[in-house]
Amino acid sequence: MRFLEDATVLRNTEIRPGIWSMWVEAPLITDISRPGQFVHIRVDNQYLPLLRRPLSIGRVHETEMELVWRVIGKGTAHLARLKSGETINLLGPTGEPFKIDKSSEMNLLVGGGLGLPPMVYLFEHLKEAGLNAKLLLGVKNEGAIPLADSDTILTETEVIAEEGGKFRHGLVTEPVVEYLEQFEKAGISEHVSIYICGPWGMIAAMQKVVPEGKYKITQVSLEQQMGCGVGVCQGCAVKADGGETPYRLVCTDGPVFDLFEVEAPK
Amino acid sequence: MRFLEDATVLRNTEIRPGIWSMWVEAPLITDISRPGQFVHIRVDNQYLPLLRRPLSIGRVHETEMELVWRVIGKGTAHLARLKSGETINLLGPTGEPFKIDKSSEMNLLVGGGLGLPPMVYLFEHLKEAGLNAKLLLGVKNEGAIPLADSDTILTETEVIAEEGGKFRHGLVTEPVVEYLEQFEKAGISEHVSIYICGPWGMIAAMQKVVPEGKYKITQVSLEQQMGCGVGVCQGCAVKADGGETPYRLVCTDGPVFDLFEVEAPK
Amino acid sequence: MSTLNVSLGSLQLSSPIMAASGCYGYGLEYADVANPSHLGGFITKSISPERWKGNPPPRLAETEFGLLNSIGLANMGVDAFIQDVLPRITNFDTKVIVSVACKVMEEYELVVRKLEEVEGVDGYELNISCPNVKEGGMAFSQNPKLTEELVSRVRAISNRWITAKLTPNTASIKSACQAAEQGGANALSLINTIVGMAVDYKSRRPKLATLTGGYSGPPIKPVALARVWEGYNAVDIPIVGIGGIVSWQDVVEFFIVGASAVQVGSALYTNPGLPAELNQGLLDYMKSERIDSLSELTGTLKTDQPFQVGAPV
Amino acid sequence: MSTLNVSLGSLQLSSPIMAASGCYGYGLEYADVANPSHLGGFITKSISPERWKGNPPPRLAETEFGLLNSIGLANMGVDAFIQDVLPRITNFDTKVIVSVACKVMEEYELVVRKLEEVEGVDGYELNISCPNVKEGGMAFSQNPKLTEELVSRVRAISNRWITAKLTPNTASIKSACQAAEQGGANALSLINTIVGMAVDYKSRRPKLATLTGGYSGPPIKPVALARVWEGYNAVDIPIVGIGGIVSWQDVVEFFIVGASAVQVGSALYTNPGLPAELNQGLLDYMKSERIDSLSELTGTLKTDQPFQVGAPV
Ligand SMILES: Cc1cc2nc3c(=O)[nH]c(=O)nc-3n(C[C@H](O)[C@H](O)[C@H](O)COP(=O)(O)OP(=O)(O)OC[C@H]3O[C@@H](n4cnc5c(N)ncnc54)[C@H](O)[C@@H]3O)c2cc1C
Ligand SMILES: Cc1cc2nc3c(=O)[nH]c(=O)nc-3n(C[C@H](O)[C@H](O)[C@H](O)COP(=O)(O)OP(=O)(O)OC[C@H]3O[C@@H](n4cnc5c(N)ncnc54)[C@H](O)[C@@H]3O)c2cc1C
Ligand SMILES: Cc1cc2nc3c(=O)[nH]c(=O)nc-3n(C[C@H](O)[C@H](O)[C@H](O)COP(=O)(O)O)c2cc1C
Ligand SMILES: Cc1cc2nc3c(=O)[nH]c(=O)nc-3n(C[C@H](O)[C@H](O)[C@H](O)COP(=O)(O)O)c2cc1C
Ligand code: FES
Ligand code: FES
Numbered sequence: 013m014r015f016l017e018d019a020t021v022l023r024n025t026e027i028r029p030g031i032w033s034m035w036v037e038a039p040l041i042t043d044i045s046r047p048g049q050f051v052h053i054r055v056d057n058q059y060l061p062l063l064r065r066p067l068s069i070g071r072v073h074e075t076e077m078e079l080v081w082r083v084i085g086k087g088t089a090h091l092a093r094l095k096s097g098e099t100i101n102l103l104g105p106t107g108e109p110f111k112i113d114k115s116s117e118m119n120l121l122v123g124g125g126l127g128l129p130p131m132v133y134l135f136e137h138l139k140e141a142g143l144n145a146k147l148l149l150g151v152k153n154e155g156a157i158p159l160a161d162s163d164t165i166l167t168e169t170e171v172i173a174e175e176g177g178k179f180r181h182g183l184v185t186e187p188v189v190e191y192l193e194q195f196e197k198a199g200i201s202e203h204v205s206i207y208i209c210g211p212w213g214m215i216a217a218m219q220k221v222v223p224e225g226k227y228k229i230t231q232v233s234l235e236q237q238m239g240c241g242v243g244v245c246q247g248c249a250v251k252a253d254g255g256e257t258p259y260r261l262v263c264t265d266g267p268v269f270d271l272f273e274v275e276a277p278k
Numbered sequence: 013m014r015f016l017e018d019a020t021v022l023r024n025t026e027i028r029p030g031i032w033s034m035w036v037e038a039p040l041i042t043d044i045s046r047p048g049q050f051v052h053i054r055v056d057n058q059y060l061p062l063l064r065r066p067l068s069i070g071r072v073h074e075t076e077m078e079l080v081w082r083v084i085g086k087g088t089a090h091l092a093r094l095k096s097g098e099t100i101n102l103l104g105p106t107g108e109p110f111k112i113d114k115s116s117e118m119n120l121l122v123g124g125g126l127g128l129p130p131m132v133y134l135f136e137h138l139k140e141a142g143l144n145a146k147l148l149l150g151v152k153n154e155g156a157i158p159l160a161d162s163d164t165i166l167t168e169t170e171v172i173a174e175e176g177g178k179f180r181h182g183l184v185t186e187p188v189v190e191y192l193e194q195f196e197k198a199g200i201s202e203h204v205s206i207y208i209c210g211p212w213g214m215i216a217a218m219q220k221v222v223p224e225g226k227y228k229i230t231q232v233s234l235e236q237q238m239g240c241g242v243g244v245c246q247g248c249a250v251k252a253d254g255g256e257t258p259y260r261l262v263c264t265d266g267p268v269f270d271l272f273e274v275e276a277p278k
Numbered sequence: 018m019s020t021l022n023v024s025l026g027s028l029q030l031s032s033p034i035m036a037a038s039g040c041y042g043y044g045l046e047y048a049d050v051a052n053p054s055h056l057g058g059f060i061t062k063s064i065s066p067e068r069w070k071g072n073p074p075p076r077l078a079e080t081e082f083g084l085l086n087s088i089g090l091a092n093m094g095v096d097a098f099i100q101d102v103l104p105r106i107t108n109f110d111t112k113v114i115v116s117v118a119c120k121v122m123e124e125y126e127l128v129v130r131k132l133e134e135v136e137g138v139d140g141y142e143l144n145i146s147c148p149n150v151k152e153g154g155m156a157f158s159q160n161p162k163l164t165e166e167l168v169s170r171v172r173a174i175s176n177r178w179i180t181a182k183l184t185p186n187t188a189s190i191k192s193a194c195q196a197a198e199q200g201g202a203n204a205l206s207l208i209n210t211i212v213g214m215a216v217d218y219k220s221r222r223p224k225l226a227t228l229t230g231g232y233s234g235p236p237i238k239p240v241a242l243a244r245v246w247e248g249y250n251a252v253d254i255p256i257v258g259i260g261g262i263v264s265w266q267d268v269v270e271f272f273i274v275g276a277s278a279v280q281v282g283s284a285l286y287t288n289p290g291l292p293a294e295l296n297q298g299l300l301d302y303m304k305s306e307r308i309d310s311l312s313e314l315t316g317t318l319k320t321d322q323p324f325q326v327g328a329p330v
Numbered sequence: 018m019s020t021l022n023v024s025l026g027s028l029q030l031s032s033p034i035m036a037a038s039g040c041y042g043y044g045l046e047y048a049d050v051a052n053p054s055h056l057g058g059f060i061t062k063s064i065s066p067e068r069w070k071g072n073p074p075p076r077l078a079e080t081e082f083g084l085l086n087s088i089g090l091a092n093m094g095v096d097a098f099i100q101d102v103l104p105r106i107t108n109f110d111t112k113v114i115v116s117v118a119c120k121v122m123e124e125y126e127l128v129v130r131k132l133e134e135v136e137g138v139d140g141y142e143l144n145i146s147c148p149n150v151k152e153g154g155m156a157f158s159q160n161p162k163l164t165e166e167l168v169s170r171v172r173a174i175s176n177r178w179i180t181a182k183l184t185p186n187t188a189s190i191k192s193a194c195q196a197a198e199q200g201g202a203n204a205l206s207l208i209n210t211i212v213g214m215a216v217d218y219k220s221r222r223p224k225l226a227t228l229t230g231g232y233s234g235p236p237i238k239p240v241a242l243a244r245v246w247e248g249y250n251a252v253d254i255p256i257v258g259i260g261g262i263v264s265w266q267d268v269v270e271f272f273i274v275g276a277s278a279v280q281v282g283s284a285l286y287t288n289p290g291l292p293a294e295l296n297q298g299l300l301d302y303m304k305s306e307r308i309d310s311l312s313e314l315t316g317t318l319k320t321d322q323p324f325q326v327g328a329p330v
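Protein chains in written order, with the numbering used here: chain A, 13 to 278; chain B, 13 to 278; chain C, 18 to 330; chain D, 18 to 330.
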């Protein structure tokens, strides 16, 4: 079930240089959306740019939904110009959500840069369901954190910054390895679920540090250039096992895949 | 001699529904411009629309120039969005100006709709030179007069409106015929110059009511889709006698042609 | 009373707007967000004898104003289509035209034979713009002889409505149009995508894994209009115009140069509600112009010029 | 030290940016608003044996994103060019390439013979994308045999630099490229305009008197890139890329797919200062990427894929 919904912009703020957070009112989509899904956004009514742009659904509060993005090109720049009260057409919720297992004793959520928003949605969702979760975020530096300083969730996020600063210095895989060791010691590894969203470099690193088959769920959310967003154009294929061909579609088979199914592009 | 000049918008006003008057500061171009010439305007820096748009030079006061246009499509709509202080790139002055003969005892200027602006420029120019001139304007109705109500020149303009209203009812050729009769009676016909700028319908009507060869100057200003504006692309051809082929270029041979050289498109 | 009904020879449509192959999937995907009944018909994703995996990613690249794709005809194959899809779309209030794309002629026959055995198919679009492996990757429709042979072989096994979809990547489309007509096509679909390419200047990588792909969207409309006009002047069968359509004005333009119906493609990704908008726009236009049937518009270009080959630069 | 110098075989340019034929007139028209020395060279408006009057108006139609033209090669003819123009442009600090367009082969020879007798011409661009009257309006370059014959006949009477300008309106440009190389061309100019058309839906009139015309501007860039890549893989002579260039990034893209220089066309009408902007942009880019000479970029597309014929839709 999907909707084409004209969402109303509630507020649109530049939370870090070049990073925007927009809350929209979208009752139809928020009503049925789940963490890991995305919306496919018509950024312009003149077909300029021609295509919609996919953004992960960030936090959802009742009928309101947050979208967080970095300005990259034409489409995301258009979005940054939207003002409160304007409407924007969303196609969604699209894609398969993260699998959630209520029996997981621990959920380890690992976001990289702009991969954080769906992790935040998942984190809040798990917390509401009374489940344990840790939220790790790897970024280059403070300016790349896709959360506002005033965001309460920032205090619950373990930020690891490549350039250090006031955060732990290094790569996000380092605390991941530490946590996995802890879980191992506590003998709960097979009751742990791991969720990842970030750039390919991070995904590849996670494929190395996370032993295959040991955890309950190991899922990763992927990005690919999209056309339709609903499985029509066959455009968003990625190399991934588990389908009837070597390729699977990010928009309908994904964006969430098993960490060990996917293969980084050359 | 032509310039590529970044002109500064001084004011930009909608003087009638859909008709705009913009004053720009363009010292280089105004310094050498003459009535009948035009500027070729870069309306957008993104090549959207791709081409420049030609507009006649309206009034010129020292370093300031007026452009008056009706919003037709993308290009003219872009121009209407310009705000004071913004700059706009002009290529000009382009085209051949009206021939002026100081010995003319009377100059009859006939504008049709948005053909008026160059006539106003010519009118002011002739007046400054101490020459006699009459300014006739044919329009559909009051809303189509390309002058503001507050424009002093409006009081000097004989407006003929197809739909009447508070103006003389009819077509602009009617007072033209009356004037030509007066000039005939006064025996000054051969010392009269006639200038025309308006739609093809009006030009064709003028070709019928004005006897060929009787007047000192009979000139008309034409429009044609333009590319370069400077004789490079050969795109703005119209059927007109007097050149080495049946075609002449509006941007460099014109926009001003002899009334009897030109042929209306089929 | 103005009506949107049009006829393409033996095929009657309740709207001149069809969905182009590859841009409406198998008909199910958009059904929850846009009612298929706004479409006169839709052309399925091109279907082949078996499941085709398609080209390696990336398969899409947006350009300044349009889209490049190198999907490689990824599709589920005719058997899965017949079993899993067809039963779920036959109740749709729109015509179902199955696009068929194969590598050799025998495969076209095979696919059509299988489809002949089932109900719910209103016609075929032979995608003969795709590379023909026997001819070193040249499209079938780049060779008039192959075009005629292919169409007539399919004609021999089906009485259903058949349209041939031709590539614009040729010097002149006239002979391919005439060959398809000769072979027994009921209509022509013009045009498929134009060969194009995009590179990322920073990484120096091609934006499509296959390097070149098919160019579609609003920037190809002028090319499509020229090809439809060329086709209209070459044959007597109706022409379905395709290429860059985003507005009802575009539709009217295609009719004026000779189309009897149109297909919307890439724009559907952005606006699945486009067919409904186009229908409304066309109806309003027809009323204001006192046009009863859109067929009155077909080929009404006001000119006494014949079609010219080549750009008279 | 980065330099903008490039060489196209025997022709040395101080900048890779040239002005395309038909978009810079005879070199004089833009000289007062933009210094010609920013150009490595310019190609004159195509010149024919006599003055040609060109096609009836309207000859230009702007489309949504590009331009259609049907100028019909209106030009002053070779004699007027030699007498009135050439003496006034020989002092320009840029190369002068004379574009030659004729209806039959003998005329190409005639025009080139006349130009061989005068100084100040740095080379020829044979516009063989224009309709060949003997062949019913097909472009010379749509026929490889004619292409080779034409180029070699001109080669026989001139030692000057020669480039052949080919039409993209063909299934594959490869054989025409190879034919021109075989005939003795020093370089290839790719591409000329694409056949296109526009109509006014209100009046139902064509926007060009000749109905179809040549499509140019930013929307044709993807098509041009594909053709340059195709040409680059087919021949060993340098390729001059043309089509839709408006930015230095576009220039870099053309180099990556195989160009050794480029021409800017329609964009000059809008921005006569473009060559200077492109030079500056390229120099900045070369510095930041530590590129000494643009020739290091030519054909550096990162791929192991061969060129594919046709759109792998
Ligand atoms: C399922 C999914 C969820 C996403 N969620 C987010 C998010 O929450 N926050 C965020 O900042 N970004 C997200 N992205 C990436 C985002 O879609 C791109 O950054 C955006 O499309 C860039 O568009 P543009 O016009 O600004 O850039 P341009 O460079 O102008 O884009 C050109 C083309 O490339 C495509 N493109 C560019 N980058 C990407 C990319 N990384 N993934 C897919 N297509 C791309 C664009 O859609 C467009 O068609 C997501 C992508 C996917 C597939
Ligand atoms: C020498 C000259 C002087 C002009 N002076 C004036 C003036 O003072 N005031 C005024 O209102 N208009 C004037 N025009 C007409 C004006 O240039 C057009 O109205 C304008 O270009 C329309 O552009 P658009 O983008 O708004 O319309 P669109 O419909 O989007 O234009 C599409 C294309 O058609 C061209 N075009 C459309 N109408 C005309 C036209 N009448 N003449 C030439 N090209 C056209 C545009 O330049 C563009 O390339 C003049 C035209 C010429 C040639
Ligand atoms: C992603 C994509 C996939 C396509 N797949 C097919 C296909 O399978 N078969 C086919 O005949 N045409 C296919 N096409 C071409 C379209 O049907 C249409 O001819 C083309 O896109 C031009 O129309 P447009 O400009 O409206 O998109 C595809 C186009 C796109 C963009
Ligand atoms: C108005 C116009 C006239 C042209 N005249 C010629 C010509 O005489 N000879 C020629 O070889 N190409 C001619 N061209 C084609 C250009 O040289 C160039 O190949 C084409 O415009 C593509 O480049 P662009 O997209 O940068 O404009 C002309 C193009 C335009 C727009
Ligand atoms: S985006 Fe079209 S199939 Fe995924
Ligand atoms: S506009 Fe280019 S020649 Fe007149």
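No residue lacks a Cβ here, since even glycine has one placed at the ideal position from N, Cα and C.
Span of the beta strand (DSSP E) around residue i
i: A/K146; result: A145 to V151
i: D/Y232; result: T229 to S233
Neighbour flag for residue i against chain B, beta carbons, 8 Å
i: D/E67; result: no
Anticipated Cβ contact below 8 Å, residue i with residue j, distance rounded
i: D/D101; j: B/R14; result: Not a contact, Cβ separation roughly 20 Å.
CB contact check: residue i to chain A, cutoff 8 Å
i: C/D49; result: yes
Length of the line joining the Cα atoms of residue i and residue j
i: B/I200; j: B/E170; result: 21 Å
i: C/V245; j: C/N186; result: 14 Å
i: D/E126; j: B/P105; result: 40 Å
i: C/S312; j: C/G57; result: 14 Å
i: D/R222; j: D/R170; result: 42 Å
Min CB distance residue i to chain D below 8 Å
i: C/R269; result: A quick correction: the sequence has Val, not Arg, at residue 269 of chain C. Cβ-Cβ to chain D under 8 Å: yes for C/V269.
i: B/T257; result: yes
i: B/G247; result: yes
i: C/L242; result: yes
Min CB distance residue i to chain C below 8 Å
i: D/T317; result: yes
Terminal residues of the alpha helix (DSSP H) in which residue i lies
i: D/C194; result: K191 to G200
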